[in-house]
Amino acid sequence: MRTRTINEYVSAVGAIDWDRRLFDSLIPLPDGTSYNSYLVRDGGQTALIDTVDPAKRPVLLENLRGVERLDYLIAQHAEQDHSGLIPMVLEMYPAAKLICSPKAKSMLMDHVGVAEDRIRTVADGETLALGGLTLEFIHTPWVHWPETMVTFLRDSGILFSCDFFGSHVAQSDVFVTDEGFVGLAAKRYFAEIMMPFRTAIQKNLDRLKGLKIAMIAPSHGPVYTRPSFILDAYRAWTSETVRNSVLIPYISMHGSTASLVDRLVSALAGHGVEVHPFNLDDTDIGKLAMALVDAATIVIGTPAVHIGPHPRVASTVFLANALRPKLKFASIVGSYGWGHKIVDQIAAMIPNLKVELLPPVISRGMPRPADFEAVESLAGTIARKHAELGLK
Ligand code: FEO
């Protein structure tokens, strides 16, 4: 994709990755992604904000053809999908200075091999004149690494936010054209990348309040021309508010756990609780992560493999613990053949989840009427707990 115009000073010179289907070897990308790089020009001076993933080197090279002078290369984040081509750009423009936060300096030297004498660090709130324009740098730690910062082009009100507010979307239009579609992609992105840092993100959202933001230009996905749309979504996702919703990641080997899950799904629905079962035999783990963003409860369904949870369930529990969602309650349903330590082992795997553990239901072999009654009771307990939180 060629250069696309944002306004008279800014153009998008990054790359669209239509075909990428997995990020971090973890989260499926049903809609591809983009690595956005922005060129800001005025009065003969030029700055480039972030580079692109090294796999898209030819695209950035092509889009910089005709850019004869680069004064500044602004690195907002040291992760390689944005920093990977910094050495190439610095080689193309020997006079360019690399601008980054103090924390990013050693990271960029280590991760991509930038020479120390090319780097100029900027303090939180420091400004840089570019022709007649003013760029303001705002340190935003933990969105999602410690060194991350954003850049505000005061004159146009454009906030260049790197991963902050990003979405994994490949589309030809540089601007958001379908907020519903991009909102879901941004939630998927938030779930995997940002959710563990909710408290830091809340603080960073507060720091942006004083800015008159006309557009948000992230480094993945399209540019937001209605910033309140994504700012409000981030405020909701990072708040303590949860939904009247339960997710049930599960595996069943011989049908016993599945029959417990089926009964639980029906019973919860009967209580008016939104329920999302995820059969881990074939689950988009990104959708599961999205459900974790605002669900009140997780119920983990697993048969015993030897004496512990099924390894695929264990992997999902490990991920849920790492993502630190704002879940309030958890429980376990499952089955075993001759013995198990499912409950103890899962409970030990979720120290990051500040949840109340509700009574588990574990059947020996195929569930009997008493097991189904216990599942009905669990559904009732969940509905009551949600109601006590005021969830509807
Ligand atoms: Fe898009 Fe943290 O890199």
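In the working numbering, the protein residues as written are 1 to 392. Backbone N, C-alpha and C fix where the C-beta goes; we use that ideal spot for every residue, glycine too. It should be emphasised that the depicted structure is a prediction, and the values quoted were computed from it without experimental measurement.
(message) Whole angstroms are fine: how far does the CA of A96 sit from the CA of L90?
(response) Reading the sequence shown from its first residue, position 90 is the one you call residue 90. Reading the sequence shown from its first residue, position 96 is the one you call residue 96. Spanning the two alpha carbons is a distance of roughly 6 Å.
(request) Could you work out which residue in A314, I216, Y189 and S11 is closest to I350 when comparing CA atoms only? (result) Start at 1 with the first residue of the sequence shown, and residue 350 comes out as number 350. The shortest C-alpha separation from I350 is found at A314.
(message) Closest to P54 by C-alpha separation, out of S37, I230, S101 and G44, would be which residue?
(response) Against the sequence shown, residue 54 aligns to sequence position 54. Closest by alpha carbon: S37.
(request) Verify the contact flag: D110, CB atom, against every heavy atom of the ligand FEO, threshold strictly below 6 Å. (result) By 1-based counting over the sequence shown, the position of residue 110 is 110. No; taking the cut-off as 6 Å, the Cβ of D110 has no heavy atom of the ligand FEO nearer than that.
(message) So, with DSSP's three-state summary, where would you put H139?
(response) The residue you call residue 139 lines up with position 139 of the sequence shown. Three-state result, H139: strand.
(message) Is D81 near the ligand FEO - that is, is its Cβ less than 6 Å away from at least one heavy atom of it?
(response) Counted from its first residue, the sequence shown places residue 81 at position 81. D81 Cβ: within cutoff of the ligand FEO.
(message) Just to check my reading of the structure: L264 and L378 have Cβ atoms closer than 8 Å, yes? What is that Cβ distance to the nearest angstrom?
(response) If you number the sequence shown from 1, residue 264 lands on position 264. If you number the sequence shown from 1, residue 378 lands on position 378. Correct: roughly 7 Å between the Cβ atoms.
(request) Specify, as a first and last residue, the run of the alpha helix (DSSP H) that K97 falls within. (result) Here the question's residue 97 lines up with position 97 in the sequence shown. Element bounds for K97: not the alpha helix (DSSP H) but the beta strand (DSSP E), K97 to C100.
(request) Indicate the three-state DSSP secondary structure (helix, strand or coil) for A78 in the structure shown. (result) If you number the sequence shown from 1, residue 78 lands on position 78. Correct three-state label for A78: coil.
(request) Look at the Cβ atom of G301, then the Cβ atom of T257, and state whether they are nearer than 7 Å. (result) Taking the sequence shown and counting its residues from 1, one reaches residue 301 at position 301. Taking the sequence shown and counting its residues from 1, one reaches residue 257 at position 257. Their beta carbons are under 7 Å apart, which means G301 touches T257 by this criterion.
(message) What does the alpha-carbon distance come out to for the pair T199 and N63?
(response) Along the sequence shown, read from residue 1 onward, the residue named residue 199 stands at position 199. Along the sequence shown, read from residue 1 onward, the residue named residue 63 stands at position 63. Rounded to the nearest whole angstrom, the CA to CA distance from T199 to N63 is 38 Å.
(message) Buried or exposed, going by whether 16 or more other CB atoms sit within 10 Å of the CB of L26?
(response) By one-based count along the sequence shown, residue 26 stands at place 26. L26 is exposed by the Cβ-count criterion.
(message) Starting from M149, trace the beta strand (DSSP E) in both directions and tell me its first and last residue.
(response) Reading the sequence shown from its first residue, position 149 is the one you call residue 149. Where M149 is concerned, the enclosing beta strand (DSSP E) stretches over M149 to L153.
(message) Please report the distance separating the alpha-carbon of A330 from that of G339.
(response) What you label residue 330 is simply residue 330 of the sequence shown in a count that begins at 1. What you label residue 339 is simply residue 339 of the sequence shown in a count that begins at 1. The alpha-carbon atoms of A330 and G339 are separated by roughly 22 Å.
(request) Determine the burial state of P218: buried for a count of at least 16 other Cβ atoms within 10 Å of its Cβ, exposed for fewer. (result) Against the sequence shown, residue 218 aligns to sequence position 218. Buried.
(message) Does the structure place the segment 236–244 close enough to the segment 169–181 that three or more beta carbon pairs sit under 8 Å?
(response) no
(request) May I ask whether a heavy atom of the ligand SAH can be found less than 6 Å away from the beta carbon of D17? (result) Here the bound small molecules are the ligand FEO; the ligand SAH is not part of this structure.
(request) Rank A267, P249 and V299 by C-alpha distance to the C-alpha of D284 and give the top, closest one. (result) As a working mapping, residue 284 is identified with position 284 in the sequence shown. Among A267, P249 and V299, the Cα nearest to that of D284 belongs to P249.
(message) Could you check if A163 belongs to the surroundings of the ligand FEO, using beta carbon to heavy atom distance under 6 Å?
(response) Looking up residue 163 in the sequence shown gives position 163. Here residue 163 is Asp; the residue named in the question, Ala, does not match the sequence. True, at least one ligand heavy atom lies under 6 Å from that Cβ.
(request) Below 8 Å on the Cβ atoms is my guess for A320 versus L292; work out the distance and round it to an integer in Å. (result) Numbered from its first residue, the sequence shown carries residue 320 at position 320. Numbered from its first residue, the sequence shown carries residue 292 at position 292. The pair is a contact, with the Cβ atoms about 6 Å apart (cut-off 8 Å).
(request) Output yes or no for whether 7 Å exceeds the beta carbon distance between I332 and P360. (result) Here residue 332 refers to the residue found at position 332 of the sequence shown. Here residue 360 refers to the residue found at position 360 of the sequence shown. Yes, the pair counts as a contact, with Cβ atoms nearer than the cut-off.
(message) What does the Cβ neighbour count give for H254, buried or exposed, with the cut at 16 atoms within 10 Å?
(response) Taking the first residue of the sequence shown as position 1, residue 254 is located at position 254. It is exposed - the Cβ of H254 has fewer than 16 other Cβ atoms within 10 Å.
(request) Just the C-alpha distance for V122 and D24, rounded to the nearest angstrom, thanks. (result) One-based indexing of the sequence shown puts residue 122 at position 122. One-based indexing of the sequence shown puts residue 24 at position 24. Using only the alpha carbons, I get a separation of about 29 Å.
(request) In the DSSP assignment, find the beta strand (DSSP E) that holds F278 and state where it starts and stops. (result) Translated into positions along the sequence shown, residue 278 becomes position 278. Here the beta strand (DSSP E) through F278 covers E274 to N279.
(message) Quick check on this structure: which residue in H82, P311 and D42 has the alpha carbon closest to the alpha carbon of D50?
(response) Counted from its first residue, the sequence shown places residue 50 at position 50. Closest option to D50, Cα to Cα, is H82.
(message) Per the DSSP calculation, Q45 is bridged to which residue(s)?
(response) Taking the first residue of the sequence shown as position 1, residue 45 is located at position 45. Answer is D42, bridged to Q45.
(message) Using 8 Å for Cβ pairs, my map puts I99 next to H144. What's the rounded Cβ distance?
(response) Counted from its first residue, the sequence shown places residue 99 at position 99. Counted from its first residue, the sequence shown places residue 144 at position 144. Their Cβ separation, rounded to whole angstroms, is 20 Å, which puts I99 and H144 out of contact at 8 Å.
(message) Here's the rule: buried if 16 or more other CB atoms are within 10 angstroms of the residue's CB, otherwise exposed. What is G113?
(response) As a working mapping, residue 113 is identified with position 113 in the sequence shown. When all chains shown are included, G113 counts as exposed.
(request) Following the continuous beta strand (DSSP E) through M215, name the residue where it begins and the one where it ends. (result) Stepping through the sequence shown from its first residue, residue 215 is reached at position 215. M215 to P218 is the extent of the beta strand (DSSP E) around M215.
(message) Measuring only the C-alpha atoms, how far is V299 from L327?
(response) Counting from one through the sequence shown, the residue named residue 299 turns up at place 299. Counting from one through the sequence shown, the residue named residue 327 turns up at place 327. Cα-Cα distance, rounded: 11 Å.
(message) Please report the straight-line C-alpha distance between I6 and A15, rounded to a whole angstrom.
(response) Here residue 6 refers to the residue found at position 6 of the sequence shown. Here residue 15 refers to the residue found at position 15 of the sequence shown. Approximately 15 Å between the Cα atoms of the pair.
(message) Could you check whether the segment 132–152 touches the segment 222–233, counting it as contact only if at least three pairs of C-beta atoms, one from each stretch, sit closer than 8 Å?
(response) No, the segment 132–152 does not touch the segment 222–233.
(message) Going by DSSP, what residue range makes up the alpha helix (DSSP H) through I201?
(response) As a working mapping, residue 201 is identified with position 201 in the sequence shown. Here the alpha helix (DSSP H) through I201 covers R198 to R207.
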